[in-house]
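**Student:**
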Amino acid sequence: MQNNVFLPTTMDEVRQRGWESLDIILVSGDSYIDTPFNGAAVIGRVLEHAGYHVGIIAQPEITSSADITRLGEPRLFWGVTGGSVDSMVANYTANRFPRRSDDYTPGGQNDRRPDRAVITYTNLIRRFHKNTVPIVLGGIEASLRRVVHYDFWSNSLRRSILFDAKADYILYGMAENSTLALAAALNAGEDPRSIRGLCYISRDRPANYIELPSFEEVSADKLAFIRMFHAFYENNDPITAHGLVQAHGDRLLIQNPPAPHAMQAELDAVYALPFQRAQHPYYEKYGPVKALETIGFSISTHRGCYGECNFCAIAVHEGRTVRWRSQESILREATSLTHLANFKGYISDVGGPTANMYGFECRKKIKSGVCDDKRCIYPQICPALKPDHLPQVELLRKIRQIPGVKKAFVASGIRYDMIAADEAHGDDYMDELVEHHVSGQLKVAPEHTDSRVLELMGKPDQQSLLQFKQKFDELSARTGKKQFLTYYMIAAHPGCGEMEMQRLKRFAHSELQIHPEQVQIFTPTPSTYSTLMYYTGLDPFTLEEVFVERDQAKRDRQKQIVVEKPAQPGSRRTTLRESGRKKY
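FYI, my numbering numbers position 54 of the sequence shown as 138, with every residue one higher than the one before it.
#1: Over the uninterrupted beta strand (DSSP E) stretch that includes Y390, give me the two end residues.
#2: Which class does E145 belong to by DSSP, given the choice of helix, strand or coil?
#3: Taking the alpha-carbon positions, what's the V98 to G139 distance?
#4: Can you look up R335 in the DSSP assignment and give me helix, strand or coil?
#5: Nearest CA to the CA of Q348: which residue from E300, Y317, S410 and S303?
#6: In terms of residues, what are the limits of the alpha helix (DSSP H) holding D248?
#7: Count the C-beta pairs between the region 220 to 235 and the region 603 to 612 that are closer than 8 Å, then say yes if the count reaches three, no if not.
#8: Looking at the unbroken alpha helix (DSSP H) that takes in M573, where does it start and where does it end?
#9: Quick one: is D96 buried, meaning 16 or more other Cβ sit within 10 Å of its Cβ, or exposed?
#10: Do you know how far the Cα of I224 is from the Cα of Y188?
#11: Would you call the region 321 to 330 in contact with the region 361 to 369, where contact means no fewer than 3 C-beta pairs closer than 8 Å?
#12: Within the chosen definition, does the region 207 to 226 reach the region 176 to 194 through at least 3 CB pairs nearer than 8 Å?
#13: Would you grab the beta carbon distance between T216 and E157 for me? Rounded to a whole angstrom, and I think it's under 8 Å.
#14: Hey, which unbroken runs of the beta strand (DSSP E) at 3 residues or more fall wholly within the region 547 to 626?
#15: Out of N261, F247, R242 and R639, point me to the one whose CA is closest to R129's CA.
#16: Buried or exposed: D195, going by 16 or more other Cβ atoms within 10 Å of its Cβ?
#17: With H, G and I counted as helix, E and B as strand and the rest as coil, what does DSSP make of P475?
#18: Let's test the definition: count the other Cβ atoms within 10 Å of the Cβ of G113 and tell me whether it reaches 16, buried, or not, exposed.
#19: Would you kindly check if the distance between the Cβ of V373 and the Cβ of S115 is under 8 Å?
#20: Contact between the region 569 to 586 and the region 530 to 538 is defined here as three or more beta-carbon pairs at a separation below 8 Å; is this criterion met?
#21: What is the residue span of the beta strand (DSSP E) that P530 lies within?
#22: Report yes or no: do the region 411 to 430 and the region 473 to 491 share at least 3 C-beta pairs separated by less than 8 Å?
#23: Would you mind reading off the limits of the beta strand (DSSP E) that contains L296?
#24: Is I108 helix, strand or coil by DSSP?
#25: Tell me whether H345 counts as near the ligand FAD, meaning its Cβ is closer than 7 Å to at least one heavy atom of that ligand.
#26: If you draw a straight line from the C-alpha of D623 to the C-alpha of L241, how long is it?
#27: How would you call R661, buried or exposed, if buried means at least 16 neighbouring beta carbons within 10 angstroms?
#28: Closest by CA to L307, which one among G453, E628 and E633?
#29: Count the CB pairs spanning the region 171 to 187 and the region 116 to 136 that are closer than 8 Å, and state whether there are at least three.
#30: How is the beta strand (DSSP E) around S60 delimited, first residue to last?
#31: Could you please give the first and the last residue of the uninterrupted alpha helix (DSSP H) stretch that includes E367?
#32: In the DSSP assignment, find the beta strand (DSSP E) that holds F161 and state where it starts and stops.
#33: Q604 to S238, Cα distance in whole Å?
#34: Taking Cβ positions only, does L540 come closer than 8 Å to chain D?
#35: Hey, would you say R562 sits closer than 8 Å to H520, going by beta carbons?
#36: Please return the same chain residues whose Cβ sits closer than 6 Å to the Cβ of S523, not counting the five positions on each side in sequence.
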């Protein structure tokens, strides 16, 4: 495979394409992995397809000019992203300890992605490229920090990242179309500030934009911060949203209404671009990236999520409306995987944010936008949604029939309450899933089992989980397969104390017959309702006080309550306890 099939990362590659310079340079906190699961690669390929000369600088060295200057200066703009994961989440555990590994760094060692990568890279550009073209922020780190937000790592409210990074614009959300609009405007010498999905700084208030409480107001008043977050959250739908204004001192953050969701033909076109599904050789020489073990042979079938779990930011970043690719597009991609030299016949995942949200949506939402007084599937599934698993059943069956595909797994998690709500095709989906698409373990994410904690999380109750487990076990036994459910749980979520974790442990033992191992400590990440609860100590929907465990040792203790295995009779630990000897 020749280097020039990738987007250029060096001037030699630029010249191999017959170019003298670049229109756009993308800077990323990830290594350059040319897959549709890497945001910088997607944006780069979309711009390339539109005729722009695009290069990528991945994980640049921040103590010198060597990397950030090696492609020269772009003609139109710099695009800066922290990568596929917020850099602070990538670099620190829930207890603020440094992470040793990074799945998106060559060799796996976490030594290339700086803290607050978006800010660091913007400063790096300005340091070595004076009076340069506009710097545009994108990706999840910038998208979720575009207004005033609580930052767990500094335990403070921080300004919009646009102010702290001293960049020119943010393109938030899934930004392919807004990026193209920005490039076209800059190429034509036009003012881009009317583009949907764009944020900028100004001293002038646009007409008919909603004014959020200012940075100074929310910093002084937690109730003002709650009001601000409600308004921010409720104005994320392209059909119903207004533009937003938020004062930071004597300047204003302007957030234009969101860009329209991509249509199916547009999604299909993105996934048809010539991704190499490999790490660029320039970076591969430093070692492989672990992420490719999963995403290298995975297929994304849809975007968006109507789950709206309170601890999850997908609804803010990708949207509350699900958009899916055509079956033809997905089948073409699956077929293309079979032609790769290192493909062994196994597709790692066919799914999206939640696997079984493919192929159906609420007709009212598509036409009129999201409801402002209720959610789609919590606390109950809205009758207007009408879950229908038939499209995914058909898709999975067709993928199985592709020559060269031995197995196609569903690994991205499912909503078991939606399967039960689909009276017409829910059982067919379960049959298909259990018999053909489980890799020994199927991931589900109940997150907790205590009713009050589940309510604060926005998750379904215990009963739907137990019904799903019973059905899964029965079907696995019927097919003669030794298959298991893997349960993902969260400790130390707002509303959760040691008593609630003890109840979770008892429930897991008695009802699920497991000893949980997949337990993570809640990390307050920007732009989620659970983070709002963590910071304010209040239920934002009722304003009632909520217990929040902030002590790091006690947060860790909540996890240990569940994962700590009971000592076996006769073990050294048991013997020491029984003998009364002090253990050193």
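Virtual Cβ for every residue (Gly too), placed ideally from N, Cα, C. Keep in mind that this is a model prediction, so the values were computed, not measured.
**Tutor:** So, from the data block:
#1: Taking the first residue of the sequence shown as 1, we reach residue 390 at position 306. Per DSSP, Y390 belongs to no beta strand (DSSP E) and is neither H nor E.
#2: Taking the sequence shown and counting its residues from 1, one reaches residue 145 at position 61. If DSSP states are grouped into helix, strand and coil, E145 belongs with coil.
#3: Numbered from 1 along the sequence shown, position 14 holds the residue referred to as residue 98. Numbered from 1 along the sequence shown, position 55 holds the residue referred to as residue 139. If you take the alpha carbons of V98 and G139, they lie about 8 Å apart.
#4: Locating residue 335 in the sequence shown gives position 251, where the first residue counts as 1. Three-state result, R335: strand.
#5: Against the sequence shown, residue 348 aligns to sequence position 264. Looking at the Cα atoms, S410 is the closest of the given residues.
#6: The residue given as residue 248 occupies position 164 in the sequence shown. First-last of the alpha helix (DSSP H) with D248: I245 to A249.
#7: yes
#8: Here residue 573 refers to the residue found at position 489 when the sequence shown is read from its first residue. Taken as a continuous stretch (DSSP letters only), M573 belongs to no alpha helix (DSSP H), being part of the beta strand (DSSP E) at F568 to A575.
#9: Walking along the sequence shown from the start, residue 96 turns up at place 12. With fewer than 16 other Cβ atoms within 10 Å, it is exposed.
#10: Locating residue 188 in the sequence shown gives position 104, counting from the first residue. Locating residue 224 in the sequence shown gives position 140, counting from the first residue. When rounded, the distance between both Cα atoms is 15 Å.
#11: no
#12: no
#13: For the purposes of this step, residue 216 is taken as the residue at position 132 of the sequence shown. For the purposes of this step, residue 157 is taken as the residue at position 73 of the sequence shown. About 6 Å separates the two Cβ atoms, so the contact holds.
#14: 568 to 575 and 603 to 605
#15: Start at 1 with the first residue of the sequence shown, and residue 129 comes out as number 45. With distances taken between Cα atoms, R129 lies closest to N261.
#16: To locate residue 195, count along the sequence shown from 1; it is residue 111. It is exposed - the Cβ of D195 has fewer than 16 other Cβ atoms within 10 Å.
#17: Locating residue 475 in the sequence shown gives position 391, counting from the first residue. Helix, per DSSP.
#18: Residue numbering aside, residue 113 sits at position 29 when the sequence shown is read from its first letter. Under this definition G113 is a buried residue.
#19: Mapped onto the sequence shown, residue 115 falls at position 31. Mapped onto the sequence shown, residue 373 falls at position 289. Yes, the Cβ-Cβ distance between S115 and V373 is below 8 Å.
#20: yes
#21: The residue you call residue 530 lines up with position 446 of the sequence shown. Here the beta strand (DSSP E) through P530 covers Q525 to E531.
#22: yes
#23: As a working mapping, residue 296 is identified with position 212 in the sequence shown. Here the beta strand (DSSP E) through L296 covers I294 to L296.
#24: Stepping through the sequence shown from its first residue, residue 108 is reached at position 24. Three-state result, I108: strand.
#25: Absence of the ligand FAD is noted for the structure shown, with no ligands found whatsoever.
#26: Residue numbering aside, residue 623 sits at position 539 when the sequence shown is read from its first letter. Residue numbering aside, residue 241 sits at position 157 when the sequence shown is read from its first letter. Their Cα atoms are separated by approximately 18 Å.
#27: Reading the sequence shown from its first residue, position 577 is the one you call residue 661. Unreliable placement is indicated for R661, whose pLDDT of 33 sits below 50; the coordinate value is still reported in the next sentence. So R661 counts as exposed.
#28: Counting from one through the sequence shown, the residue named residue 307 turns up at place 223. Among G453, E628 and E633, the Cα nearest to that of L307 belongs to E628.
#29: no
#30: Here the chain covers residues 85 to 668 and nothing more, so residue 60 does not appear.
#31: Here residue 367 refers to the residue found at position 283 of the sequence shown. The residue asked about is misnamed: residue 367 is Tyr in this sequence, not Glu. Here the alpha helix (DSSP H) through Y367 covers P365 to E368.
#32: For the purposes of this step, residue 161 is taken as residue 77 along the sequence shown, with counting starting at 1. Per DSSP, F161 belongs to the beta strand (DSSP E) from F161 to T165.
#33: The count along the sequence shown starts at 1 and reaches residue 604 at position 520. The count along the sequence shown starts at 1 and reaches residue 238 at position 154. About 21 Å.
#34: Chain labels in this structure do not include chain D; a single protein chain is all it has.
#35: For this step, residue 562 is matched to residue 478 along the sequence shown. For this step, residue 520 is matched to residue 436 along the sequence shown. Result no, Cβ atoms of R562 and H520 do not sit closer than 8 Å.
#36: In the sequence shown, counting from the first residue as 1, residue 523 sits at position 439. So the list reads F493, once near-sequence residues are dropped.
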